[in-house]
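Count along the sequence shown from 1, then add 2; that gives the number in the working numbering.
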Amino acid sequence: MAPVKAFELRTKTSKELLKELDEMKAELATLRVAKVSGGAASKLAKIKVVRKAIARILTVFNQKQKAEARKQYKGKKYQPLDLRPKKTRAIRRALKTEQKFMKTPKQKTKASNFPMRRFAVTM
3 MAPVKAFELR
13 TKTSKELLKE
23 LDEMKAELAT
33 LRVAKVSGGA
43 ASKLAKIKVV
53 RKAIARILTV
63 FNQKQKAEAR
73 KQYKGKKYQP
83 LDLRPKKTRA
93 IRRALKTEQK
103 FMKTPKQKTK
113 ASNFPMRRFA
123 VTM
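Below, the structure is given as structure tokens:
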């Protein structure tokens with residue numbers, strides 16, 4: 003059995019992926035039974051290939067689900083936590099740029115009433 007290729011899995015639908023996953027899990031179960039009952043060495047070597055194939059199928063399936071969720075929440079005000087950018091805790095807590103440069107009404111009136119003085123220095 004040739005190993006499953008991720009790029010081939012990406013072309014399949016979610017239902018096809020789940021069907022293939024069930025087949026692989028069933029095959030893995032039969033291989034494990036063969037291992038216990040003293041099966042051939044070729045079957046024992048196949049266990050690793052099947053496990054990796056299951057992992058690939060699950061990875062592609064989860065990536066598809068996350069991509070669909072991102073598409074669904076694109077442009078919305080709120081997103082689930084796992085779709086938000088991770089960054090660092092400090093960056094997530096920091097003020098946004100427009101909040102950082104906002105002025106209070108008192109600061110605005112002071113700035114308009116007392117503008118920066120301009121000096122004409124000639125040499």
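The beta carbon of each residue, even a glycine, is placed where N, CA and C say it ideally should be.
As the crow flies, the alpha-carbon of Gly41 is around 18 Å from that of Met26. Pairing Leu30 with Val51, the inter-Cα distance amounts to about 10 Å.
The DSSP assignment places complete alpha helix (DSSP H) segments of no fewer than 4 residues inside the stretch 6-37 at 8-12, in order along the chain. Ile49 places its beta carbon 8 Å or farther from that of Leu60. Burial state of Val62 is buried, judged by a 10 Å Cβ sphere holding 16 or more other Cβ atoms. Taking a C-beta distance under 8 Å as the contact criterion, Pro5 and Lys76 do not qualify as a contact pair.
For Leu20, the number of other beta carbons within 10 angstroms of its own is below 16, and it is reported as exposed. Judged by DSSP secondary structure, Ser114 falls within the alpha helix (DSSP H) whose first and last residues are Pro107 to Asn115. Taken in chain order, the whole alpha helix (DSSP H) runs of length 4 or more contained in the stretch 53-115 are 91-95, 99-102 and 107-115.
The beta carbons of Lys66 and Ser114 sit no closer together than 8 Å.
Your pair Ala8 and Arg72 does not check out as a contact, with CB atoms roughly 19 Å apart and the cut at 8 Å.
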